[in-house]
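Residue numbers (my numbering): 20 to 226.
In what follows, a single structure is set out as C-alpha cells and then discussed.
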C-alpha cells in the first residue's frame with residue numbers, strides 16, 4: 020500500500036495516517052490533547068513525553084500550537100513508524116523524537132518532563148475479543164486492564180519534573196478509583212482530577 024492509499028483520520032486538524040496494524044484514532048481522545056494543551060500553558064519549562072503513543076496523534080495535537088519538544092514512546096515498531104510519518108505531516112519532525120521499545124528501558128535516567136501523556140491499553144484481557152478490529156497489543160491491559168497503566172505510573176513518578184503534571188487515559192471511573200488507591204500505597208503521585216467521557220476517563224496526576 021502506498022502512502023497515498025493509507026487510511027487517515029482528521030484529528031484536531033491533523034491528518035493522521037494509520038492502518039490495521041495499529042489502533043485507529045478515537046474521536047473522544049481529542050479531549051486528552053485539549054486538556055494537555057491547557058496544562059502546558061502554565062507548566063514548568065521542559066519537554067513533553069507521551070507513553071504508549073501509538074501513531075502519535077494525541078501528543079502531536081497537544082503540542083501543535085506551542086513550542087515544546089515531544090518524545091513519543093511505543094513498543095510497536097509499526098506504530099512508531101506511523102508516529103514519525105505523522106510528525107512529519109504536521110511539520111513537527113524537528114521537535115519530535117520517537118523511541119521504540121519498553122517505556123521503562125528507552126527513557127534515560129535523569130530525563131525530566133514538564134508534562135507526561137499516557138495512553139496505555141486498558142481493556143481487561145477477557146474483554147479484548149469484543150474488539151476484533153483492534154490489535155491486541157494496543158488494547159490488552161491485563162487481567163484488570165491496569166497492568167500497563169501501573170507501569171506508566173512508575174515511569175511518570177521517575178521522570179515528572181518538579182511542578183509537572185501527567186494526563187492518564189483509562190477506561191472507566193472504577194479503573195481511575197483503582198489507580199488512585201494503588202498510588203496511595205505505592206507512589207508519591209496523587210489523582211487530582213478525573214474527567215469522564217462516553218468512551219473513557221482522563222486522570223490528572225501530580226505529586
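Note that CB positions come from ideal geometry on N, CA and C, so glycine has one too.
{"query": "Of the residues 164, 208 and 166, the one placed nearest residue 182, counting alpha carbons only", "result": "208"}
{"query": "8 Å Cβ cutoff met for residue 27 and residue 49", "result": "no"}
{"query": "Secondary structure of residue 111, DSSP reduced to three states", "result": "coil"}
{"query": "Status (buried if at least 16 other CB within 10 Å, exposed otherwise) for residue 10", "result": "Given that the chain is displayed from residue 20 to residue 226, the structure contains no residue 10 and the question cannot be resolved."}
{"query": "The stretch 162 to 171 contacting the stretch 185 to 193, beta-carbon criterion three pairs below 8 Å", "result": "yes"}
{"query": "contact_flag[the stretch 110 to 126, the stretch 83 to 98] where n(CB pairs < 8 Å) is 3 or more", "result": "yes"}
{"query": "Residue 212 - DSSP class collapsed to helix/strand/coil", "result": "strand"}
{"query": "Pick from 69, 144, 35 and 45 that is closest to residue 178, judged by C-alpha positions", "result": "69"}
{"query": "Buried versus exposed, by CB contacts within 10 Å (16 or more), residue 149", "result": "exposed"}
{"query": "Residue environment, residue 60, which counts as buried when at least 16 other CB atoms sit within 10 Å", "result": "exposed"}
{"query": "Inter-residue Cα distance where the pair is residue 124 and residue 34", "result": "30 Å"}
{"query": "Residue from 173, 180, 44 and 152 with nearest C-alpha to residue 65", "result": "180"}
{"query": "CA nearest to the CA of residue 81, picked from 94, 92, 67 and 93", "result": "67"}
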